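Data first, discussion second: the structure below is written as C-alpha coordinates.
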Amino acid sequence: MPAPLTRRPETKSFIIEDLLDRVRRGEVRIPEFQRPLRWTAEDVRDLLDSVYRGYPIGTLLFWRRDAPAANVSFGPVRIDAPSTSQGLWAVDGQQRVTALAGVLLHPAYGDEAGRDDFHLYFDLETGELHPPPETGTPPPHWLPMNEVLDSESLLHWLNRYPDREAHPEHLRAAIRLGKAIREYQVPAYVVDTADEKVLRIIFKRLNTAGRPLTDEEVFNALYVGSRSLSLESVTQGLRELGFGSIPESLLLRAVLAVRGLDFTRGYQEQLNQDDELTETVRRTDRALRDAIVFLKRDAFIPHLKLLPSPENSLVLLTRFFQLHPEPSPRSRELLSRWFWRHIVFGGWELKPAESLQVFAAIRSDEERSLQTLLAQVPPPLIRWWMETGLPVMPHATVRPPLVLRIAMLSLQPRHLLTGAVLDPGELLDQKGEGFQLLLLPDDVRWRSQRAQDRRTVRRLMEGTFNYLFHPPVEGRSLLQMLEAQPPPGEELLHSHGLTAEALESLRRNDGAFLSLRQAVLEPVLRQFMEARTRWDDSDRPSLQSMIIDDDED
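Under our numbering, think of the first position of the sequence shown as 459, with each following residue one higher.
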(Lines of atoms letter the chains of each structure in order from A and count residues from 1; the text may use other names and numbers.)
(Lines give C-alpha, C1' and ligand atoms only; values in the text may rest on other atoms or scores of the structure.)
Protein backbone atom coordinates (compact mmCIF):
# COMPACT_ATOMS: atom_id res chain seq x y z
CA MET A 1 0.00 0.00 0.00
CA PRO A 2 1.31 3.47 -0.81
CA ALA A 3 2.06 5.67 2.16
CA PRO A 4 -0.20 8.68 2.78
CA LEU A 5 1.18 12.20 2.50
CA THR A 6 2.29 13.60 5.84
CA ARG A 7 1.26 17.07 4.62
CA ARG A 8 -1.75 17.70 2.44
CA PRO A 9 -0.90 19.14 -0.99
CA GLU A 10 -1.23 22.90 -1.15
CA THR A 11 -3.89 23.94 -3.64
CA LYS A 12 -3.47 27.39 -5.09
CA SER A 13 -3.92 29.44 -8.22
CA PHE A 14 -1.07 31.28 -9.88
CA ILE A 15 -1.93 34.29 -11.97
CA ILE A 16 0.29 34.11 -15.04
CA GLU A 17 2.06 37.37 -14.17
CA ASP A 18 3.11 35.90 -10.79
CA LEU A 19 3.99 32.49 -12.21
CA LEU A 20 6.30 33.97 -14.85
CA ASP A 21 7.82 36.32 -12.27
CA ARG A 22 8.80 33.16 -10.36
CA VAL A 23 10.23 31.82 -13.61
CA ARG A 24 12.34 34.97 -14.00
CA ARG A 25 13.62 34.65 -10.42
CA GLY A 26 14.66 31.05 -11.06
CA GLU A 27 12.19 29.45 -8.64
CA VAL A 28 10.34 27.40 -11.27
CA ARG A 29 12.35 24.55 -12.76
CA ILE A 30 11.70 22.32 -15.74
CA PRO A 31 13.34 18.88 -15.62
CA GLU A 32 15.52 18.12 -18.63
CA PHE A 33 13.91 14.96 -19.88
CA GLN A 34 15.71 12.43 -22.01
CA ARG A 35 13.73 13.43 -25.08
CA PRO A 36 12.86 16.81 -26.55
CA LEU A 37 9.73 18.81 -25.85
CA ARG A 38 6.78 17.13 -27.55
CA TRP A 39 4.61 20.15 -28.25
CA THR A 40 4.36 21.58 -31.75
CA ALA A 41 4.04 25.24 -32.72
CA GLU A 42 0.28 24.67 -33.10
CA ASP A 43 0.06 23.30 -29.54
CA VAL A 44 1.84 26.40 -28.22
CA ARG A 45 -0.44 28.71 -30.19
CA ASP A 46 -3.57 26.87 -28.99
CA LEU A 47 -2.51 27.19 -25.35
CA LEU A 48 -2.03 30.97 -25.61
CA ASP A 49 -5.32 31.27 -27.48
CA SER A 50 -7.07 29.35 -24.67
CA VAL A 51 -5.58 31.68 -22.07
CA TYR A 52 -6.72 34.74 -24.04
CA ARG A 53 -10.27 33.38 -24.36
CA GLY A 54 -10.43 32.26 -20.71
CA TYR A 55 -10.61 28.53 -21.48
CA PRO A 56 -9.29 26.13 -18.80
CA ILE A 57 -5.81 24.75 -19.49
CA GLY A 58 -5.62 22.11 -16.77
CA THR A 59 -3.93 21.84 -13.38
CA LEU A 60 -0.20 22.02 -12.74
CA LEU A 61 1.65 19.78 -10.28
CA PHE A 62 4.74 21.22 -8.60
CA TRP A 63 7.17 19.41 -6.33
CA ARG A 64 8.65 21.84 -3.80
CA ARG A 65 12.27 20.96 -3.06
CA ASP A 66 15.81 22.32 -3.21
CA ALA A 67 16.97 23.57 -6.59
CA PRO A 68 20.68 24.18 -7.27
CA ALA A 69 22.00 27.17 -9.16
CA ALA A 70 21.62 26.41 -12.85
CA ASN A 71 21.09 27.82 -16.31
CA VAL A 72 17.44 26.95 -16.94
CA SER A 73 15.80 26.97 -20.37
CA PHE A 74 12.13 27.52 -21.22
CA GLY A 75 12.21 27.18 -24.99
CA PRO A 76 14.15 30.26 -26.21
CA VAL A 77 14.25 31.81 -22.71
CA ARG A 78 17.34 31.29 -20.60
CA ILE A 79 17.35 32.04 -16.88
CA ASP A 80 20.46 32.20 -14.68
CA ALA A 81 18.72 30.72 -11.66
CA PRO A 82 20.29 31.03 -8.19
CA SER A 83 19.98 28.13 -5.77
CA THR A 84 16.85 28.08 -3.66
CA SER A 85 15.38 25.86 -0.97
CA GLN A 86 11.89 26.64 -2.31
CA GLY A 87 12.22 25.45 -5.89
CA LEU A 88 9.02 24.54 -7.73
CA TRP A 89 9.71 21.59 -10.05
CA ALA A 90 7.01 21.19 -12.70
CA VAL A 91 6.28 17.47 -12.54
CA ASP A 92 3.04 17.72 -14.51
CA GLY A 93 2.56 20.71 -16.80
CA GLN A 94 6.16 21.29 -17.86
CA GLN A 95 5.12 21.77 -21.49
CA ARG A 96 2.44 24.32 -20.54
CA VAL A 97 4.86 26.28 -18.34
CA THR A 98 7.51 26.18 -21.08
CA ALA A 99 5.00 27.40 -23.67
CA LEU A 100 3.83 30.32 -21.49
CA ALA A 101 7.36 31.39 -20.62
CA GLY A 102 8.71 30.80 -24.13
CA VAL A 103 6.07 33.04 -25.74
CA LEU A 104 5.57 35.77 -23.14
CA LEU A 105 9.22 36.08 -22.01
CA HIS A 106 10.65 35.53 -25.50
CA PRO A 107 13.85 37.55 -26.13
CA ALA A 108 13.65 40.39 -28.64
CA TYR A 109 12.56 39.13 -32.05
CA GLY A 110 15.13 39.21 -34.82
CA ASP A 111 14.40 38.90 -38.52
CA GLU A 112 15.39 35.25 -38.87
CA ALA A 113 16.88 34.06 -35.57
CA GLY A 114 13.64 34.82 -33.72
CA ARG A 115 11.51 32.47 -35.83
CA ASP A 116 10.75 29.52 -33.60
CA ASP A 117 7.69 27.76 -32.21
CA PHE A 118 7.33 30.45 -29.52
CA HIS A 119 7.41 33.46 -31.88
CA LEU A 120 3.80 34.66 -32.04
CA TYR A 121 1.83 37.78 -32.96
CA PHE A 122 -1.69 38.84 -31.98
CA ASP A 123 -3.76 40.31 -34.82
CA LEU A 124 -5.45 43.40 -33.38
CA GLU A 125 -8.07 43.32 -36.16
CA THR A 126 -9.17 39.68 -36.00
CA GLY A 127 -8.16 38.65 -32.47
CA GLU A 128 -6.19 35.67 -33.82
CA LEU A 129 -2.68 34.48 -33.04
CA HIS A 130 -0.22 34.02 -35.91
CA PRO A 131 3.36 32.84 -36.38
CA PRO A 132 5.65 35.28 -38.22
CA PRO A 133 5.05 35.47 -41.98
CA GLU A 134 7.19 33.27 -44.20
CA THR A 135 8.66 36.32 -45.94
CA GLY A 136 8.77 40.00 -45.16
CA THR A 137 7.80 41.78 -41.99
CA PRO A 138 4.51 41.31 -40.11
CA PRO A 139 1.71 43.86 -40.61
CA PRO A 140 1.86 46.83 -38.22
CA HIS A 141 -1.37 45.71 -36.48
CA TRP A 142 0.25 42.42 -35.41
CA LEU A 143 1.24 42.82 -31.76
CA PRO A 144 4.33 40.79 -30.70
CA MET A 145 3.28 38.52 -27.83
CA ASN A 146 6.52 39.15 -25.95
CA GLU A 147 5.32 42.74 -25.39
CA VAL A 148 2.10 41.68 -23.64
CA LEU A 149 3.08 40.45 -20.17
CA ASP A 150 4.64 43.70 -18.96
CA SER A 151 2.09 46.53 -18.99
CA GLU A 152 4.80 49.18 -19.34
CA SER A 153 6.30 47.38 -22.35
CA LEU A 154 2.84 47.06 -23.90
CA LEU A 155 2.12 50.78 -23.46
CA HIS A 156 5.50 51.61 -24.97
CA TRP A 157 4.60 49.49 -28.04
CA LEU A 158 1.20 51.16 -28.31
CA ASN A 159 2.77 54.61 -28.10
CA ARG A 160 4.85 53.70 -31.16
CA TYR A 161 1.95 52.04 -33.00
CA PRO A 162 1.45 54.05 -36.23
CA ASP A 163 -2.34 53.43 -36.48
CA ARG A 164 -3.25 54.31 -32.89
CA GLU A 165 -5.27 57.39 -33.92
CA ALA A 166 -6.91 55.83 -36.97
CA HIS A 167 -7.89 52.65 -35.11
CA PRO A 168 -8.52 53.30 -31.40
CA GLU A 169 -10.23 49.90 -31.25
CA HIS A 170 -6.80 48.33 -31.77
CA LEU A 171 -5.58 49.96 -28.56
CA ARG A 172 -8.58 48.61 -26.67
CA ALA A 173 -7.98 45.13 -28.10
CA ALA A 174 -4.32 45.22 -27.03
CA ILE A 175 -5.18 46.34 -23.49
CA ARG A 176 -7.85 43.60 -23.19
CA LEU A 177 -5.31 41.03 -24.36
CA GLY A 178 -2.70 42.18 -21.82
CA LYS A 179 -5.19 42.10 -18.96
CA ALA A 180 -6.51 38.67 -19.97
CA ILE A 181 -3.01 37.19 -20.15
CA ARG A 182 -1.61 38.76 -16.98
CA GLU A 183 -4.61 38.00 -14.77
CA TYR A 184 -5.39 34.47 -16.00
CA GLN A 185 -5.36 32.05 -13.05
CA VAL A 186 -3.74 28.63 -13.40
CA PRO A 187 -4.75 26.08 -10.73
CA ALA A 188 -1.93 24.05 -9.21
CA TYR A 189 -1.03 21.48 -6.58
CA VAL A 190 2.21 21.99 -4.65
CA VAL A 191 3.44 18.79 -3.00
CA ASP A 192 5.94 18.67 -0.14
CA THR A 193 7.32 15.16 0.24
CA ALA A 194 10.66 13.44 0.38
CA ASP A 195 9.09 10.14 -0.69
CA GLU A 196 9.58 9.76 -4.41
CA LYS A 197 7.29 6.72 -4.51
CA VAL A 198 4.35 8.81 -3.36
CA LEU A 199 5.08 11.47 -5.96
CA ARG A 200 5.39 8.78 -8.63
CA ILE A 201 1.88 7.56 -7.81
CA ILE A 202 0.44 11.09 -7.78
CA PHE A 203 1.99 11.83 -11.15
CA LYS A 204 0.85 8.57 -12.71
CA ARG A 205 -2.75 9.08 -11.59
CA LEU A 206 -2.84 12.68 -12.82
CA ASN A 207 -1.01 11.98 -16.06
CA THR A 208 -3.71 9.94 -17.80
CA ALA A 209 -4.68 12.12 -20.75
CA GLY A 210 -3.12 14.08 -23.57
CA ARG A 211 0.48 13.16 -24.31
CA PRO A 212 1.68 11.55 -21.07
CA LEU A 213 5.30 11.14 -20.11
CA THR A 214 6.34 7.90 -18.47
CA ASP A 215 7.11 8.04 -14.78
CA GLU A 216 10.60 6.70 -15.53
CA GLU A 217 11.30 9.74 -17.72
CA VAL A 218 10.17 12.10 -15.00
CA PHE A 219 12.19 10.49 -12.25
CA ASN A 220 15.27 10.07 -14.40
CA ALA A 221 15.29 13.86 -14.52
CA LEU A 222 14.03 14.69 -11.02
CA TYR A 223 15.78 12.11 -8.87
CA VAL A 224 19.23 13.19 -7.75
CA GLY A 225 21.03 9.89 -7.73
CA SER A 226 24.70 9.21 -7.10
CA ARG A 227 27.08 10.24 -9.86
CA SER A 228 30.78 10.50 -10.33
CA LEU A 229 32.21 13.51 -8.55
CA SER A 230 35.60 13.64 -10.24
CA LEU A 231 36.97 17.08 -11.06
CA GLU A 232 36.40 16.34 -14.74
CA SER A 233 32.72 15.44 -14.28
CA VAL A 234 32.10 18.54 -12.14
CA THR A 235 33.66 20.87 -14.73
CA GLN A 236 31.59 19.22 -17.46
CA GLY A 237 28.45 19.72 -15.40
CA LEU A 238 29.25 23.39 -14.82
CA ARG A 239 29.29 24.04 -18.57
CA GLU A 240 25.49 23.88 -18.58
CA LEU A 241 25.49 27.29 -16.86
CA GLY A 242 26.75 28.91 -20.08
CA PHE A 243 29.73 30.48 -18.32
CA GLY A 244 32.47 28.67 -20.19
CA SER A 245 34.75 25.81 -19.23
CA ILE A 246 36.11 25.93 -15.67
CA PRO A 247 39.67 24.51 -15.67
CA GLU A 248 40.20 21.59 -13.31
CA SER A 249 43.10 23.48 -11.72
CA LEU A 250 40.70 26.30 -10.82
CA LEU A 251 38.16 23.82 -9.47
CA LEU A 252 40.85 22.27 -7.27
CA ARG A 253 41.64 25.70 -5.76
CA ALA A 254 37.91 26.10 -5.03
CA VAL A 255 37.80 22.67 -3.35
CA LEU A 256 40.63 23.71 -1.04
CA ALA A 257 38.86 27.00 -0.23
CA VAL A 258 35.58 25.24 0.55
CA ARG A 259 37.45 22.88 2.87
CA GLY A 260 38.90 25.91 4.66
CA LEU A 261 42.46 25.31 3.46
CA ASP A 262 45.03 27.62 1.87
CA PHE A 263 44.00 27.67 -1.80
CA THR A 264 47.18 29.53 -2.79
CA ARG A 265 49.29 26.42 -1.98
CA GLY A 266 49.34 22.92 -3.43
CA TYR A 267 46.97 20.30 -2.08
CA GLN A 268 49.67 17.65 -1.57
CA GLU A 269 51.09 19.39 1.49
CA GLN A 270 47.67 19.99 3.09
CA LEU A 271 45.68 16.79 2.59
CA ASN A 272 46.20 13.39 4.12
CA GLN A 273 46.06 10.29 1.99
CA ASP A 274 42.95 9.03 3.77
CA ASP A 275 40.98 12.32 3.57
CA GLU A 276 37.50 11.83 2.11
CA LEU A 277 36.72 14.64 -0.34
CA THR A 278 33.51 13.42 -1.95
CA GLU A 279 31.27 15.62 0.18
CA THR A 280 33.66 18.58 -0.19
CA VAL A 281 33.57 18.27 -3.98
CA ARG A 282 29.78 18.10 -3.86
CA ARG A 283 29.60 21.26 -1.74
CA THR A 284 32.12 22.95 -4.04
CA ASP A 285 29.98 22.11 -7.07
CA ARG A 286 26.93 23.72 -5.50
CA ALA A 287 28.80 26.80 -4.21
CA LEU A 288 30.48 27.30 -7.60
CA ARG A 289 27.09 27.22 -9.30
CA ASP A 290 25.80 29.87 -6.89
CA ALA A 291 28.91 31.99 -7.49
CA ILE A 292 28.56 31.75 -11.28
CA VAL A 293 24.87 32.68 -11.21
CA PHE A 294 25.76 35.65 -8.97
CA LEU A 295 28.41 36.78 -11.44
CA LYS A 296 25.99 36.59 -14.35
CA ARG A 297 22.89 38.05 -12.68
CA ASP A 298 24.25 40.50 -10.11
CA ALA A 299 27.76 41.43 -11.25
CA PHE A 300 27.11 41.50 -15.02
CA ILE A 301 29.97 39.12 -15.85
CA PRO A 302 28.47 36.89 -18.59
CA HIS A 303 31.41 34.53 -19.15
CA LEU A 304 34.63 33.24 -17.64
CA LYS A 305 36.62 34.96 -20.42
CA LEU A 306 35.52 38.32 -18.99
CA LEU A 307 36.24 37.44 -15.35
CA PRO A 308 39.45 39.06 -14.06
CA SER A 309 41.85 36.71 -12.25
CA PRO A 310 39.36 33.87 -11.65
CA GLU A 311 41.99 32.02 -9.59
CA ASN A 312 41.23 34.64 -6.93
CA SER A 313 37.83 36.19 -7.69
CA LEU A 314 35.87 33.02 -8.47
CA VAL A 315 37.52 30.96 -5.72
CA LEU A 316 36.77 33.56 -3.04
CA LEU A 317 33.19 33.96 -4.25
CA THR A 318 32.82 30.18 -4.07
CA ARG A 319 33.94 30.27 -0.44
CA PHE A 320 31.37 32.99 0.29
CA PHE A 321 28.50 31.05 -1.28
CA GLN A 322 29.57 27.85 0.46
CA LEU A 323 29.01 29.62 3.79
CA HIS A 324 26.02 31.69 2.62
CA PRO A 325 24.16 29.81 -0.14
CA GLU A 326 21.12 32.10 -0.07
CA PRO A 327 22.28 35.64 0.79
CA SER A 328 19.68 38.36 1.16
CA PRO A 329 19.05 40.74 -1.77
CA ARG A 330 20.89 43.48 0.14
CA SER A 331 23.87 41.17 0.66
CA ARG A 332 23.96 40.33 -3.05
CA GLU A 333 24.03 44.04 -3.87
CA LEU A 334 26.89 44.70 -1.41
CA LEU A 335 28.77 41.65 -2.65
CA SER A 336 28.53 42.99 -6.22
CA ARG A 337 29.91 46.36 -5.13
CA TRP A 338 32.79 44.65 -3.32
CA PHE A 339 33.55 42.52 -6.39
CA TRP A 340 33.68 45.54 -8.70
CA ARG A 341 35.69 47.65 -6.28
CA HIS A 342 38.36 44.96 -6.36
CA ILE A 343 38.38 45.28 -10.15
CA VAL A 344 39.12 48.99 -9.72
CA PHE A 345 41.99 48.14 -7.36
CA GLY A 346 43.89 46.19 -9.97
CA GLY A 347 41.54 43.63 -11.44
CA TRP A 348 41.74 41.03 -8.65
CA GLU A 349 45.46 40.46 -9.14
CA LEU A 350 46.23 39.61 -5.51
CA LYS A 351 49.39 38.34 -3.90
CA PRO A 352 48.96 35.13 -1.84
CA ALA A 353 48.97 37.07 1.45
CA GLU A 354 46.32 39.47 0.11
CA SER A 355 44.15 36.57 -1.07
CA LEU A 356 44.32 34.96 2.36
CA GLN A 357 43.39 38.26 4.01
CA VAL A 358 40.20 38.34 1.94
CA PHE A 359 39.64 34.63 2.64
CA ALA A 360 39.91 35.22 6.40
CA ALA A 361 37.24 37.94 6.24
CA ILE A 362 34.63 35.51 4.91
CA ARG A 363 33.11 34.06 8.06
CA SER A 364 29.86 32.40 9.10
CA ASP A 365 28.16 35.75 9.83
CA GLU A 366 26.92 37.01 6.46
CA GLU A 367 26.48 40.69 7.38
CA ARG A 368 29.76 41.04 9.28
CA SER A 369 31.66 39.25 6.54
CA LEU A 370 30.43 41.73 3.95
CA GLN A 371 31.20 44.76 6.10
CA THR A 372 34.75 43.48 6.66
CA LEU A 373 35.20 42.78 2.95
CA LEU A 374 33.95 46.23 1.96
CA ALA A 375 36.28 47.88 4.48
CA GLN A 376 39.23 46.25 2.68
CA VAL A 377 38.56 48.29 -0.50
CA PRO A 378 38.21 52.00 0.39
CA PRO A 379 37.42 54.59 -2.30
CA PRO A 380 40.36 55.40 -4.60
CA LEU A 381 41.89 58.86 -4.52
CA ILE A 382 41.21 59.20 -8.25
CA ARG A 383 38.39 57.45 -10.05
CA TRP A 384 40.07 56.71 -13.36
CA TRP A 385 36.81 56.09 -15.20
CA MET A 386 35.70 59.67 -14.53
CA GLU A 387 38.73 61.08 -16.34
CA THR A 388 38.54 61.99 -20.01
CA GLY A 389 40.47 59.59 -22.17
CA LEU A 390 40.26 56.55 -19.85
CA PRO A 391 43.91 56.75 -18.80
CA VAL A 392 44.53 53.72 -16.56
CA MET A 393 42.15 50.79 -16.89
CA PRO A 394 42.86 47.39 -15.31
CA HIS A 395 43.91 44.79 -17.90
CA ALA A 396 44.50 47.61 -20.39
CA THR A 397 46.93 45.42 -22.33
CA VAL A 398 43.89 43.54 -23.66
CA ARG A 399 42.06 45.24 -26.54
CA PRO A 400 39.48 46.38 -25.79
CA PRO A 401 40.19 46.47 -22.03
CA LEU A 402 38.21 43.99 -19.95
CA VAL A 403 36.05 46.55 -18.15
CA LEU A 404 35.13 48.23 -21.44
CA ARG A 405 34.18 44.86 -22.92
CA ILE A 406 31.80 44.25 -20.03
CA ALA A 407 30.36 47.77 -20.28
CA MET A 408 29.85 47.32 -24.03
CA LEU A 409 27.97 44.07 -23.41
CA SER A 410 25.69 45.90 -20.95
CA LEU A 411 24.24 47.65 -24.03
CA GLN A 412 22.91 44.23 -25.17
CA PRO A 413 24.50 44.19 -28.65
CA ARG A 414 22.25 43.02 -31.48
CA HIS A 415 22.96 41.06 -34.64
CA LEU A 416 23.59 43.49 -37.50
CA LEU A 417 21.49 41.46 -39.94
CA THR A 418 18.65 40.00 -37.86
CA GLY A 419 18.41 42.51 -35.00
CA ALA A 420 18.27 39.68 -32.44
CA VAL A 421 19.96 40.34 -29.09
CA LEU A 422 23.25 38.42 -29.01
CA ASP A 423 23.91 35.87 -26.28
CA PRO A 424 27.36 36.77 -24.86
CA GLY A 425 27.86 33.36 -23.28
CA GLU A 426 27.09 31.53 -26.51
CA LEU A 427 29.39 33.72 -28.61
CA LEU A 428 32.23 33.73 -26.08
CA ASP A 429 32.04 29.94 -25.86
CA GLN A 430 33.11 29.80 -29.49
CA LYS A 431 36.70 30.08 -30.63
CA GLY A 432 37.95 33.64 -30.26
CA GLU A 433 36.90 36.46 -27.97
CA GLY A 434 33.74 37.64 -29.72
CA PHE A 435 35.18 41.13 -30.32
CA GLN A 436 36.16 41.90 -33.92
CA LEU A 437 38.11 44.80 -35.36
CA LEU A 438 35.84 47.28 -37.08
CA LEU A 439 38.39 49.06 -39.25
CA LEU A 440 41.36 47.08 -40.52
CA PRO A 441 44.73 48.85 -40.83
CA ASP A 442 45.18 47.71 -44.44
CA ASP A 443 41.79 49.07 -45.58
CA VAL A 444 42.41 50.93 -48.86
CA ARG A 445 40.19 53.83 -47.83
CA TRP A 446 42.83 55.15 -45.40
CA ARG A 447 45.46 55.52 -48.14
CA SER A 448 43.54 58.37 -49.73
CA GLN A 449 43.83 60.57 -46.64
CA ARG A 450 46.55 63.03 -45.71
CA ALA A 451 49.52 61.59 -43.85
CA GLN A 452 48.58 63.36 -40.62
CA ASP A 453 45.01 62.06 -40.81
CA ARG A 454 46.28 58.56 -41.55
CA ARG A 455 48.41 58.65 -38.39
CA THR A 456 45.39 59.74 -36.31
CA VAL A 457 43.18 57.02 -37.78
CA ARG A 458 45.87 54.36 -37.27
CA ARG A 459 46.26 55.40 -33.61
CA LEU A 460 42.53 55.06 -33.07
CA MET A 461 42.40 51.76 -34.95
CA GLU A 462 45.06 50.31 -32.68
CA GLY A 463 43.27 51.63 -29.61
CA THR A 464 40.28 50.86 -27.48
CA PHE A 465 37.22 51.74 -29.56
CA ASN A 466 37.84 49.90 -32.83
CA TYR A 467 36.02 46.73 -31.76
CA LEU A 468 32.52 45.37 -32.15
CA PHE A 469 31.00 42.39 -30.33
CA HIS A 470 29.53 40.30 -33.13
CA PRO A 471 29.72 36.78 -34.57
CA PRO A 472 31.51 36.33 -37.89
CA VAL A 473 29.16 36.28 -40.90
CA GLU A 474 30.38 34.31 -43.88
CA GLY A 475 31.10 36.55 -46.86
CA ARG A 476 30.25 39.79 -45.00
CA SER A 477 32.56 42.08 -43.05
CA LEU A 478 31.37 44.27 -40.19
CA LEU A 479 31.80 47.35 -42.37
CA GLN A 480 29.76 45.86 -45.20
CA MET A 481 26.91 45.12 -42.80
CA LEU A 482 27.07 48.61 -41.26
CA GLU A 483 27.16 50.31 -44.66
CA ALA A 484 24.33 48.23 -46.14
CA GLN A 485 21.09 49.84 -47.29
CA PRO A 486 18.72 50.43 -45.64
CA PRO A 487 20.98 51.44 -42.75
CA PRO A 488 20.64 49.77 -39.34
CA GLY A 489 18.03 51.31 -37.05
CA GLU A 490 18.80 53.61 -34.14
CA GLU A 491 18.15 50.92 -31.50
CA LEU A 492 20.50 48.46 -33.20
CA LEU A 493 23.23 51.11 -33.56
CA HIS A 494 22.89 52.13 -29.91
CA SER A 495 23.40 48.51 -28.83
CA HIS A 496 26.92 48.74 -30.29
CA GLY A 497 27.76 52.23 -29.05
CA LEU A 498 27.19 53.73 -32.49
CA THR A 499 25.15 56.66 -33.79
CA ALA A 500 23.73 57.67 -37.16
CA GLU A 501 26.28 60.49 -37.19
CA ALA A 502 29.14 58.02 -36.75
CA LEU A 503 27.73 55.83 -39.52
CA GLU A 504 27.52 58.82 -41.85
CA SER A 505 31.13 59.69 -40.99
CA LEU A 506 32.09 56.15 -41.94
CA ARG A 507 30.42 56.52 -45.33
CA ARG A 508 32.05 59.91 -45.93
CA ASN A 509 35.44 58.48 -44.97
CA ASP A 510 36.31 61.68 -43.10
CA GLY A 511 38.36 59.96 -40.37
CA ALA A 512 36.04 60.97 -37.50
CA PHE A 513 34.20 57.65 -37.09
CA LEU A 514 36.25 56.24 -34.20
CA SER A 515 36.41 59.57 -32.39
CA LEU A 516 32.61 59.75 -32.53
CA ARG A 517 32.34 56.22 -31.19
CA GLN A 518 34.75 57.08 -28.38
CA ALA A 519 32.50 60.02 -27.46
CA VAL A 520 29.59 57.57 -27.08
CA LEU A 521 31.37 54.78 -25.21
CA GLU A 522 33.26 56.87 -22.65
CA PRO A 523 30.03 58.01 -20.90
CA VAL A 524 28.72 54.43 -21.12
CA LEU A 525 31.78 53.21 -19.24
CA ARG A 526 31.59 55.99 -16.66
CA GLN A 527 27.93 55.32 -15.92
CA PHE A 528 28.51 51.57 -15.83
CA MET A 529 31.39 51.84 -13.35
CA GLU A 530 29.50 54.24 -11.09
CA ALA A 531 26.50 51.90 -11.06
CA ARG A 532 28.68 48.89 -10.25
CA THR A 533 30.93 50.35 -7.53
CA ARG A 534 28.48 52.80 -5.86
CA TRP A 535 31.10 54.37 -3.60
CA ASP A 536 28.80 57.37 -3.04
CA ASP A 537 26.01 55.18 -1.63
CA SER A 538 25.71 53.83 1.89
CA ASP A 539 27.13 50.33 2.44
CA ARG A 540 24.98 49.75 5.49
CA PRO A 541 23.91 46.15 6.13
CA SER A 542 20.31 45.08 5.66
CA LEU A 543 17.74 46.75 7.89
CA GLN A 544 16.74 43.34 9.25
CA SER A 545 20.24 42.79 10.66
CA MET A 546 20.10 46.16 12.44
CA ILE A 547 16.90 45.35 14.36
CA ILE A 548 17.64 44.45 17.98
CA ASP A 549 15.21 42.09 19.67
CA ASP A 550 13.86 43.13 23.06
CA ASP A 551 15.40 39.97 24.52
CA GLU A 552 18.85 41.20 23.53
CA ASP A 553 18.55 44.56 25.36
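We put the CB at the ideal spot given by N, CA and C, even for glycine.
Fair warning: this is a prediction, and the values are worked out from it, not measured in the lab.
One alpha carbon belongs to Pro768, the other to Gly560, and they sit about 33 Å apart. Residue environment for Glu610: exposed (fewer than 16 other C-beta atoms within 10 angstroms of its C-beta). According to DSSP, residue pairing for Glu485 in a beta bridge does not occur. Of the residues His614, Leu582, Arg622, the one whose Cα lies closest to the Cα of Ala632 is Leu582. Measuring C-alpha to C-alpha distances from Arg990 to each of Asn529, Glu475, Val861 identifies Val861 as the nearest. According to DSSP, residue pairing for Leu587 in a beta bridge involves Phe580. Judged by beta-carbon spacing, Val716 lies within the 8 Å limit of Arg741, meaning their Cβ atoms are closer than that value. Residue range 468-473 is occupied by the beta strand (DSSP E) that includes Thr469. If only uninterrupted beta strand (DSSP E) runs of at least 3 residues are considered, those enclosed by the stretch 915-1003 are 925-927. Apart from sequence neighbours up to five positions away, the residues of its chain that approach Arg480 with a beta-carbon distance below 6 Å are Val486, ordered along the chain. For Gln976, the closest of Pro930, Asp881, Asn924 by C-alpha to C-alpha distance is Asn924. When the Cα atoms are used, Ser531 and Leu578 turn out to be separated by approximately 18 Å.
Between the C-alpha atoms of Phe752 and Arg790 there is a straight-line separation of about 8 Å. In this structure, the beta-carbon distance from His599 to His628 falls below 8 Å. In this structure Phe797 is in contact with Ser771, their Cβ atoms being roughly 7 Å apart against a cut-off of 8 Å. Each of Thr922, His873, Glu641, Glu812 was checked against the Cα of Pro930, and the nearest Cα belongs to His873. When the beta-carbon positions are compared, Ile750 and Ala527 come within less than 8 Å of each other. For Asn529, the uninterrupted beta strand (DSSP E) segment begins and ends at 528-532. Taking Val649 as reference, the option from Arg465, Leu808, Asp994 with the minimal CA-CA separation is Arg465. Of the residues Gln694, Leu699, Phe576, Ala652, the one whose Cα lies closest to the Cα of Pro705 is Gln694. If you keep only unbroken alpha helix (DSSP H) runs of at least 4 residues inside the stretch 717-790, you get 736-755, 768-781. The beta carbon of Ile473 lies closer than 6 Å to those of Glu641, Gln643 in the same chain, with the five residues before and after it left out. The alpha-carbon of Leu898 is positioned some 37 Å away from that of Ser707.
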